[in-house]
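Novice: Those letters in the sequence shown? Residues 1 to 327, per UniProt numbering, in order.
Next up is a structure, given as structure tokens.
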Amino acid sequence: MATTALAYKFDRTGDANVLKFEEYELDTPAAGQVQIRQEAIGLNFIDIYHRTGAFPLPLPSGIGVEGAGVIEAVGEGVDGLRRGDRVVYVGGTPGGYATVRHIAAARVVRLPDGISTQTAASLTFKGLTVEYLIRRCHIVKPGDVVLWQAAAGGVGSIACQWLQHIGATVIGTVSSRQKAEIAKANGCAYPVVYTEEDFVERVKEVTDGKGVSAAYDGIGGDTFYKSLDCLQPRGIMVSFGSASGGVPPLDIGQLGTRGSLFLTRPSIAHYTARKDELEAAAESLFSLILDKNIRVVEPTVYHLKDAAQAQRDLESGKTTGSIVLVP
1 MATTALAYKF DRTGDANVLK FEEYELDTPA AGQVQIRQEA IGLNFIDIYH RTGAFPLPLP
61 SGIGVEGAGV IEAVGEGVDG LRRGDRVVYV GGTPGGYATV RHIAAARVVR LPDGISTQTA
121 ASLTFKGLTV EYLIRRCHIV KPGDVVLWQA AAGGVGSIAC QWLQHIGATV IGTVSSRQKA
181 EIAKANGCAY PVVYTEEDFV ERVKEVTDGK GVSAAYDGIG GDTFYKSLDC LQPRGIMVSF
241 GSASGGVPPL DIGQLGTRGS LFLTRPSIAH YTARKDELEA AAESLFSLIL DKNIRVVEPT
301 VYHLKDAAQA QRDLESGKTT GSIVLVP
């Protein structure tokens, strides 16, 4: 069992410079916890929301909500997990940017053979996000036409593949022609380079003026109202992120005048709160990966000591697909 770890913490919100990488002592895992020696750590937009204070945390705080590795020690009362198990975790107390960490066993899932820890760290949080968005928050059916903002990003790349597998048609926004090719390769039927054409007009063209049944928007402020404009009557807007900033205030009456629209702002925490929900969602994701219905694309890899730069690159839109940190 490890007694020390290198980890990032921050004691004030701000840009990536607030992250401090230091050595910390570790106690034995508390009851209900496991100790994981991490082999790969997922970098997600929620980490940036935590760091900037968009999603406030008690400070000082660790950072990071996804990682994969091998269990080193097991606390009292933990069933179904043991030392040496290959595992991935999602959620729980932030603290993933670390060489070794303790986390509640309720957030931990065993990895099947055939899925590496690096693959798990690059795909699990994003894949579980897609799972709840398209299978439980709003159930996408074969034949549906949906809009996905940022279709070449980490979440969007998985979403396009999963939606294609379901039999849905995806209209996806991207920032460049290069990203349009990435989105198309992942199953996006109609990539739209929003710097070159109006995606609202493109949606109308593709759907013969009807609009999409669902719009999935993780961008926020810059796209929110235009995403609403893409919906057909009684369509649903799923606003699941705010990469460009917060959403402007909404007069709820607009949902009626725009076509009796539905609007939801979901969080993965409420869809994976129970261990059985987490395990079932992970099983669905892992099955699609093992059956090659979701392609494993090599993630962009940064050393853990370069986590601040990795966050800067994610924020600036320089990356495509997933990012992992390796100790």
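The beta carbon of each residue, even a glycine, is placed where N, CA and C say it ideally should be.
Note that the structure is a prediction, hence the values are computed from the model and not measured.
Could you check the C-alpha separation between L19 and F10 for me, to the nearest Å?
Specialist: 5 Å
Novice: Which residue marks the beginning of the alpha helix (DSSP H) containing E279, and which one marks its end?
Specialist: 275-290
Novice: Among residues of its own chain, excluding the 5 on either side of V326, which ones have a beta-carbon nearer than 8 Å to its beta-carbon?
Specialist: These residues qualify, in order along the chain: E39, A40, I41, Q118, V301, Y302, H303, L304.
Novice: Tell me, please, whether the stretch 119-136 touches the stretch 187-206 by the rule of three or more beta-carbon pairs shorter than 8 Å.
Specialist: no
Novice: When the Cα of L163 is compared with those of T320, E277, A215, which residue comes out closest?
Specialist: A215
Novice: Look at the alpha carbon of V109 and the alpha carbon of D79, and state the distance between them as a whole number of angstroms.
Specialist: 12 Å
Novice: Between T264 and I236, which are expected to be in contact by the criterion C-beta below 8 Å, what is the C-beta distance as a whole number of angstroms?
Specialist: 7 Å
Novice: So the beta strand (DSSP E) residue 357 belongs to, where does it begin and stop?
Specialist: Since the displayed the chain opens at 1 and closes at 327, residue 357 lies outside it and no answer follows.
Novice: If you count every other CB in all the chains shown that lies within 10 Å of the CB of residue 332, and 16 or more means buried, which is it?
Specialist: The chain is shown from 1 up to 327; residue 332 falls before or after that span and cannot be answered.
Novice: Let me check understanding here. Comparing Cα to Cα, which of L290, T223, G253 lies closest to A243?
Specialist: T223
Novice: Could you compute how far the alpha carbon of L123 sits from the alpha carbon of A31?
Specialist: 29 Å
Novice: Does the beta-carbon of S239 have 16 or more other beta-carbons within 10 angstroms, so that it is buried, or is it exposed?
Specialist: buried
Novice: CB-CB under 6 Å to G92, same chain, minus the five flanking residues each way: which ones, in chain order?
Specialist: Here G92 has I103, A104, R107 as same chain residues with Cβ atoms under 6 Å from its own Cβ, once five neighbours each way along the sequence are excluded.
Novice: Out of V140, K179, R37, which has the shortest C-alpha to C-alpha gap to A168?
Specialist: V140
Novice: I'd like the span of the beta strand (DSSP E) that includes Y49, first residue to last.
Specialist: Segment 45-52 is the alpha helix (DSSP H) holding Y49; no beta strand (DSSP E) there.
Novice: Cα separation between P58 and G246?
Specialist: If I take the Cα positions, the gap works out to 21 Å.
Novice: If we call anything under 8 Å between Cβ atoms a contact, is S175 one with G317?
Specialist: yes
Novice: Roughly how many angstroms lie between the CA atoms of E315 and I48, to the nearest whole one?
Specialist: 8 Å
Novice: Residue range of the beta strand (DSSP E) that A5 falls in?
Specialist: Residues 4-10.
Novice: Leaving out the 5 sequence neighbours to the left and right, which residues in its chain are closer than 6 Å to H165 when beta-carbon positions are compared?
Specialist: N293
Novice: At 3 residues or longer, and completely inside the stretch 117-190: list those beta strand (DSSP E) runs for me, N to C.
Specialist: Entirely contained in the stretch 117-190, the beta strand (DSSP E) runs reaching 3 residues are, in chain order, 145-148, 169-174.
Novice: Does the beta carbon of N186 come closer than 8 Å to any beta carbon on chain B?
Specialist: No chain B is part of this structure, which consists of one protein chain only.
Novice: Check whether the Cβ atoms of V74 and R83 lie closer than 8 Å to each other.
Specialist: yes
Novice: Could you give the first and the last residue of the continuous alpha helix (DSSP H) run that contains I103?
Specialist: Taken as a continuous stretch (DSSP letters only), I103 belongs to no alpha helix (DSSP H), being part of the beta strand (DSSP E) at 100-104.
Novice: Could you check if E283 is buried or exposed, using at least 16 other CB atoms within 10 Å of its CB as the buried criterion?
Specialist: By the 10 Å Cβ count, E283 comes out exposed.
Novice: If we ignore side chains and look at the alpha-carbon of each, how far apart do G256 and L228 end up?
Specialist: 12 Å
Novice: Alpha carbons only, please: which of L26, R101, I36, G53 is nearest the one belonging to T13?
Specialist: G53
Novice: Grab me the residues of Y190's own chain with a C-beta within less than 6 Å of its C-beta, minus the 5 sequence neighbours each way, in chain order.
Specialist: I171, V206
Novice: What's the C-alpha gap between M1 and V193?
Specialist: 50 Å
Novice: What's the C-alpha gap between S116 and L133?
Specialist: 25 Å
Novice: Rounded to whole angstroms, what's the CA-CA distance from G95 to D85? Just pull it up for me.
Specialist: Taking the straight line joining both Cα atoms gives about 20 Å.
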